[in-house]
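A.B. asks:
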Amino acid sequence: MENKEDKSTSNSDFTIEAEGVTKSFGHHLVLRGIDLKLKRGEFLTIFGRNGAGKTTFLKILATLLRPSFGSVYMAGLDLSKNSMDIRRKIGVVSHQTFLYDELTAYENIKFYGKMYDVPKLDERARELIAKVGLASCIHEKVNTFSRGMQQRLTIARAMVHNPSILLLDEPETGLDQYASAMLQDLLTTFEAEKRTVVMTSHSLERGLQMGNRVVILSEGKIACDVASKDMSVSGLQELYQRYTGEEQ
Amino acid sequence: MSKSIGQILAIMRKDLISESRTRDVAVSVLVFALLVIVVFSFAFEPGAEVTKMFTNPQLEQIKLLVAPGVLWVSIVFAGVLSFNRSFAQEKEKGCLDALKLCPIDKEVIYMGKMLGSLVFLLIVEIIIFPLFSVLFNVSLLDPAIVLIAVLATIGFVCVGILFSALSVYTKAREILLPILFFPIVTPLIIAAVRGTGSILQGGSFGSISNWLGIMVAFDVIFIIVSLFIFEYAIEE
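So the sequences go chain by chain: A and B.
Heads up: the first sequence at position 147 corresponds to 147 in the numbering used here, and the numbers run straight through without jumps.
Heads up: the second sequence at position 25 corresponds to 273 in the numbering used here, and the numbers run straight through without jumps.
Take a look at the structure:
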C-alpha cells in the first residue's frame with residue numbers, strides 16, 4: 001500500500017526535490033550525491049558530457065531507476081513510496097520514441113491514454129495529434145513517419161495525461177532544423193503553461209535559450225547551477241569547458 | 249478493477265494488432281511448427297524403413313504413440329519462438345520503459361502480454377491441428393483434446409512470458425529463454441503428451457483426469473508465481 005501523504009514536503013514550494021541522490025551500477029558510481037530543487041514552472045536544462053549521469057538522473061526522476069542512496073520528492077510525494085502517483089504527474093520524452101511502429105499515430109496515443117486512464121480519450125488523442133501538426137496523418141502507421149514526425153508524436157504521447165512535470169532526455173536528437181524549431185515551439189508552450197521541465201541536452205545554445213536555469217553535470221556531481229538570464233552562450237561554453245574539459 | 253481489465257485488454261489488443269500487421273512472428277512460428285510435423289510424418293510414409301518392419305495395424309498403433317509427442321514438441325518449440333519476440337519487441341523502441349512509466353500495476357502488463365500470447369498461440373494451434381490430423385491420420389476433434397490444448401497452452405504462455413521478460417535485458421536471450429523455459433514446463437509437456445495419447449488411443453475423459461489435474465495445478469501455481477515475480481523480472 002503506497003503512502004500518499006508524505007513528509008512535510010506536501011506543502012513544499014518545490015515540485016522536484018532531490019537530496020543526496022547517489023546511484024551506482026555494481027562498483028561503478030554514476031551519480032555522487034545530487035542535490036537539486038525545482039519550483040513549479042521552472043525549466044531546467046542539464047548539460048554534461050556522455051557518461052556524466054544525465055540520463056541516469058532523469059531515469060531516477062522518472063521512477064525507472066531507484067537511487068542507491070538519497071531521496072527524491074516529486075510534487076511533494078516520496079518517490080520511493082509513491083511511484084504510482086508520481087507517474088500520473090510526469091511525462092517523459094526520450095531519444096527513443098516509445099512508439100509502436102505498427103500502430104497508427106491515433107492508435108499509439110489512444111493506447112497510452114488508456115494506460116493513463118485518460119477521460120474523453122478519443123477527443124484528447126485527436127486534439128494532441130493536431131497540436132503537434134500530425135492531423136493529416138493521424139491514421140498512418142508510425143513506421144511511415146520521419147524521425148521528426150515520430151518525435152512530435154512522442155511529445156503528444158508524453159502529454160496525453162496532461163502531466164505537470166516533463167522530463168526530456170535529449171529530445172532534439174536526430175531532428176532536422178524544421179523539427180527542432182517545432183520542438184522548441186512546443187517546449188515554449190510548456191513553459192507558458194507553468195509545467196516544470198527538466199531537459200538534458202548537448203546543445204548549449206538551444207538549452208540556454210529554452211531553459212530558465214542550467215546545470216552542468218560532471219562525473220556524477222552538479223558542477224555548476226546558474227540562472228539562464230545571467231548567462232551568455234559564450235559564458236556557458238567557457239563554464240562547460242572548465243567543468244567537463246570538453247569543448248562545445 | 250474494470251479499469252485494469254480494460255488496460256489488460258488494451259495491451260493484448262495492441263500486441264495482436266501489431267502482429268496481424270507484420271505477421272513476422274506468425275509466419276516463422278507456423279512454418280517452424282509445420283516443418284517439425286511434416287518432417288516427423290515422413291517417418292511413416294509408405295516406403296519408409298519403419299513401414300517395412302511392421303504390419304499396418306502395428307504401424308497405426310506406433311503412430312498413435314508417437315503422434316502426441318510430435319504435436320506438443322512442435323507447439324512448444326514454436327511457442328518459444330514467439331516468447332522470444334514478445335518482450336524484445338517492446339524493448340526495441342523503448343516501449344517497455346514507456347509501459348513501466350504508466351501508472352499501472354506490473355501485473356497488468358504481465359496479464360496483457362500473457363493474454364496476447366495465449367490468443368496468438370491458440371490461433372496457431374487452430375491452424376496446426378487440422379494439418380496434423382491429415383498428416384498423422386488421427387482425429388484431434390475431441391473435447392478432451394481441446395481442453396488439454398487450452399490448459400497446456402495457458403501453462404506454456406504463463407511461464408514463457410515470465411522468462412521472456414526475465415531474459416529481455418540479457419544479451420543471449422535467444423539461448424537463455426529455452427534453457428530456463430524447458431525444464432520448468434517439462435511436467436506440463438508430459439501431462440499434455442500423455443493426456444493426448446490416452447484420448448487418441450480411445451481413452452475416456454475420466455482416464456485423463458490425473459493429467460488434467462496436473463495441468464490445472466501447474467497453471468494456477470505458475471500464474472500466481474509469475475504475477476509475484478514479474479515486477480522484479482522487468483526491472484533493468
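Glycine included, C-beta positions come from ideal geometry on N, C-alpha and C.
In this text, all values refer to a predicted model and were calculated from it rather than measured experimentally.
#1: Along the stretch 93 to 111 of chain A, where does the CB come closer than 8 Å to a CB of chain B? Name the residues.
#2: Assuming the contact rule is C-beta atoms closer than 8 Å, residue 323 of chain B and residue 366 of chain B should be a hit. Round their C-beta distance to whole Å, please.
#3: Whether or not the stretch 190 to 200 of chain A and the stretch 55 to 73 of chain A are in contact is what I'm after, with contact meaning three or more pairs of Cβ atoms, one per stretch, closer than 8 Å; do they touch?
#4: Within a Cβ cutoff of 7 Å, which residues of the same chain sit near residue 233 of chain A, ignoring the five residues on either side of it in sequence?
#5: Taking the Cβ atom as the reference point for each residue, do residue 121 of chain A and residue 110 of chain A lie within a distance shorter than 7 Å?
#6: Using a Cβ cut-off of 8 Å, which residues of the stretch 320 to 352 of chain B contact any Cβ in chain A, in chain order?
#7: Is residue 358 of chain B helix, strand or coil when you go by DSSP?
#8: Would residue 327 of chain B and residue 264 of chain B qualify as a contact pair, given that the criterion is a beta-carbon distance under 7 Å?
#9: Report the option in B:266, B:325 and B:269 whose CA atom is closest to the CA atom of residue 280 of chain B.
#10: Tell me, please, whether the CB atom of residue 88 of chain A is closer than 7 Å to any CB atom in chain B?
#11: In chain order, what residues of the same chain lie with their CB nearer than 6 Å to the CB of residue 288 of chain B, ignoring the 5 residues before and after it?
#12: How about residue 266 of chain B: is its C-beta nearer than 7 Å to some C-beta of chain A?
#13: Among A:47, A:183 and A:79, which has the Cα closest to the Cα of residue 243 of chain A?
#14: Using a Cβ-Cβ cut-off of 8 Å (strictly less than) and excluding sequence neighbours within five positions of residue 1 of chain A, which residues of its own chain qualify?
#15: Counting only Cβ pairs nearer than 9 Å, list the residues of chain B close to residue 149 of chain A.
#16: Output needed for residue 17 of chain A: all residues of its chain with C-beta closer than 6 Å, excluding positions within five of it in sequence on either side, in chain order.
#17: In whole angstroms, what is the alpha-carbon distance linking residue 273 of chain B and residue 183 of chain A?
#18: For residue 459 of chain B, which residues from the same chain have a beta carbon less than 6 Å from its beta carbon, with the 5 sequence-adjacent residues on both sides left out?
#19: Is the CB of residue 418 of chain B under 7 Å away from at least one CB in chain D?
#20: Could you tell me the alpha carbon to alpha carbon distance between residue 8 of chain A and residue 156 of chain A, rounded to whole angstroms?
#21: To which residues of the same chain is residue 256 of chain B closer than 8 Å at the C-beta, ignoring the five residues directly before and after it?
#22: Our contact map puts residue 77 of chain A next to residue 86 of chain A with C-beta atoms below 8 Å; I'd like the distance itself, whole angstroms only.
#23: Which residue comes first and which comes last in the beta strand (DSSP E) that contains residue 73 of chain A?
#24: Out of curiosity, what's the CA-to-CA distance linking residue 5 of chain A and residue 41 of chain A?
#25: So, is residue 116 of chain A buried or exposed, given that buried needs 16 or more other C-beta atoms within 10 angstroms?
#26: Less than 7 Å between the C-beta atoms of residue 470 of chain B and residue 405 of chain B, yes or no?
#27: Determine the chain B residues that contact residue 64 of chain A at a beta-carbon separation under 8 Å, and present them in chain order.
#28: Which first and last residues belong to the beta strand (DSSP E) in which residue 250 of chain A is found?
#29: Contact between the stretch 124 to 142 of chain A and the stretch 382 to 396 of chain B: three or more CB pairs below 8 Å?
#30: Round the Cβ separation of residue 316 of chain B and residue 445 of chain B to the nearest angstrom and send it over; I've been treating them as touching at under 8 Å.
#31: Are the CB atoms of residue 80 of chain A and residue 169 of chain A nearer to each other than 7 Å?
#32: Go through its chain and collect everything with a Cβ distance to residue 347 of chain B's Cβ below 6 Å, but skip five positions before and after it.
#33: Drop a sphere of 10 angstroms on the beta-carbon of residue 176 of chain A, count the other beta-carbons inside from all chains shown, and report buried for 16 or more, exposed for fewer.
#34: At 4 residues or longer, and completely inside the stretch 290 to 328 of chain B: list those alpha helix (DSSP H) runs for me, N to C.
C.D. replies: Taking the definition as stated:
#1: Per Cβ criterion, the list reads 94, 96, 97, 98, 99, 100, 101, 102, 103, 107 and 111.
#2: Within the second sequence, numbered from 1, the residue matching residue 323 of chain B stands at position 75. Within the second sequence, numbered from 1, the residue matching residue 366 of chain B stands at position 118. 13 Å between Cβ atoms; not a contact.
#3: Yes, since at least three Cβ pairs between the stretch 55 to 73 of chain A and the stretch 190 to 200 of chain A fall closer than 8 Å, the two stretches touch.
#4: Position 233 of the first sequence, counting from 1, holds the residue named residue 233 of chain A. Excluding its 5 nearest sequence neighbours in each direction, residue 233 of chain A has C-beta neighbours in its own chain below 7 Å: 204, 205 and 208, listed in chain order.
#5: Taking the first residue of the first sequence as position 1, residue 121 of chain A is located at position 121. Taking the first residue of the first sequence as position 1, residue 110 of chain A is located at position 110. Yes. Within cutoff.
#6: Those residues of the stretch 320 to 352 of chain B that come within reach of chain A (Cβ to Cβ, closer than 8 Å) are 341, 342, 343, 345, 346, 347, 348, 349, 350, 351 and 352.
#7: If you number the second sequence from 1, residue 358 of chain B lands on position 110. Residue state, collapsed to three classes: helix.
#8: Stepping through the second sequence from its first residue, residue 327 of chain B is reached at position 79. Stepping through the second sequence from its first residue, residue 264 of chain B is reached at position 16. Residue 264 of chain B is positioned such that its CB atom lies no closer than 7 Å to that of residue 327 of chain B.
#9: The count along the second sequence starts at 1 and reaches residue 280 of chain B at position 32. Residue 280 of chain B has its Cα closest to that of B:325, out of B:266, B:325 and B:269.
#10: Position 88 of the first sequence, counting from 1, holds the residue named residue 88 of chain A. Taking CB atoms only, residue 88 of chain A has a neighbour in chain B less than 7 Å away.
#11: Here residue 288 of chain B refers to the residue found at position 40 when the second sequence is read from its first residue. 318.
#12: One-based indexing of the second sequence puts residue 266 of chain B at position 18. For residue 266 of chain B, the answer is yes, since a Cβ of chain A falls inside 7 Å of its Cβ.
#13: Within the first sequence, the letter at position 243 stands for residue 243 of chain A. Comparing Cα-Cα distances from residue 243 of chain A to each of A:47, A:183 and A:79, the minimum goes to A:47.
#14: Taking the first sequence and counting its residues from 1, one reaches residue 1 of chain A at position 1. Confidence is the limiting factor: at residue 1 of chain A the pLDDT is only 40, short of 50, which leaves the residue's position unreliable, though a coordinate-based value still follows. Cβ neighbours of residue 1 of chain A beyond the five flanking positions: none.
#15: The residue labelled residue 149 of chain A in the question sits at position 149 within the first sequence. The premise fails here: residue 149 of chain A is roughly 14 Å from chain B at the closest Cβ pair, so nothing lies under 9 Å.
#16: Within the first sequence, numbered from 1, the residue matching residue 17 of chain A stands at position 17. Excluding sequence neighbours, residue 17 of chain A sits near 37 and 73.
#17: Within the second sequence, the letter at position 25 stands for residue 273 of chain B. Within the first sequence, the letter at position 183 stands for residue 183 of chain A. Rounded to the nearest whole angstrom, the C-alpha separation of residue 273 of chain B and residue 183 of chain A is 36 Å.
#18: For the purposes of this step, residue 459 of chain B is taken as residue 211 along the second sequence, with counting starting at 1. 439, 442 and 443.
#19: As a matter of chain content, chain D is missing from the structure shown, whose protein chains are A and B.
#20: Here the question's residue 8 of chain A lines up with position 8 in the first sequence. Here the question's residue 156 of chain A lines up with position 156 in the first sequence. Residue placement at residue 8 of chain A is poorly supported in this model, since its pLDDT is 43, which falls under 50; the coordinates still yield a value, given next. Roughly 34 Å between the two C-alpha positions.
#21: Locating residue 256 of chain B in the second sequence gives position 8, counting from the first residue. Only 356, 359, 360 and 363 meet the Cβ criterion.
#22: Taking the first residue of the first sequence as position 1, residue 77 of chain A is located at position 77. Taking the first residue of the first sequence as position 1, residue 86 of chain A is located at position 86. The distance from the Cβ of residue 77 of chain A to that of residue 86 of chain A is about 5 Å, consistent with a contact at the 8 Å cut-off.
#23: By one-based count along the first sequence, residue 73 of chain A stands at place 73. Residue 73 of chain A -> beta strand (DSSP E) spans 69 to 74.
#24: Looking up residue 5 of chain A in the first sequence gives position 5. Looking up residue 41 of chain A in the first sequence gives position 41. Reliability of the predicted coordinates at residue 5 of chain A is poor, the pLDDT of 46 falling under 50, and no value is obtained from them.
#25: Position 116 of the first sequence, counted from the first residue, corresponds to residue 116 of chain A. By the Cβ neighbour-count rule, residue 116 of chain A is buried, with 16 or more other Cβ atoms within 10 Å of its own.
#26: Reading the second sequence from its first residue, position 222 is the one you call residue 470 of chain B. Reading the second sequence from its first residue, position 157 is the one you call residue 405 of chain B. No. Outside cutoff.
#27: Taking the first residue of the first sequence as position 1, residue 64 of chain A is located at position 64. Chain B residues near residue 64 of chain A: 345, 348, 349 and 484.
#28: The question about residue 250 of chain A has no answer, for chain A in this structure spans 1 to 248.
#29: No, because fewer than three Cβ pairs between the stretch 124 to 142 of chain A and the stretch 382 to 396 of chain B fall closer than 8 Å, the two stretches do not touch.
#30: Here residue 316 of chain B corresponds to residue number 68 of the second sequence, with the count starting at 1. Here residue 445 of chain B corresponds to residue number 197 of the second sequence, with the count starting at 1. Sure, about 4 Å apart at Cβ, within 8 Å.
#31: What you label residue 80 of chain A is simply residue 80 of the first sequence in a count that begins at 1. What you label residue 169 of chain A is simply residue 169 of the first sequence in a count that begins at 1. In terms of Cβ geometry, residue 80 of chain A and residue 169 of chain A do not form a close pair [threshold 7 Å].
#32: As a working note, residue 347 of chain B is residue 99 in the second sequence. Here the set comprises 357.
#33: Numbered from its first residue, the first sequence carries residue 176 of chain A at position 176. Classification for residue 176 of chain A: exposed.
#34: Runs of the alpha helix (DSSP H) inside the stretch 290 to 328 of chain B: 297 to 301.
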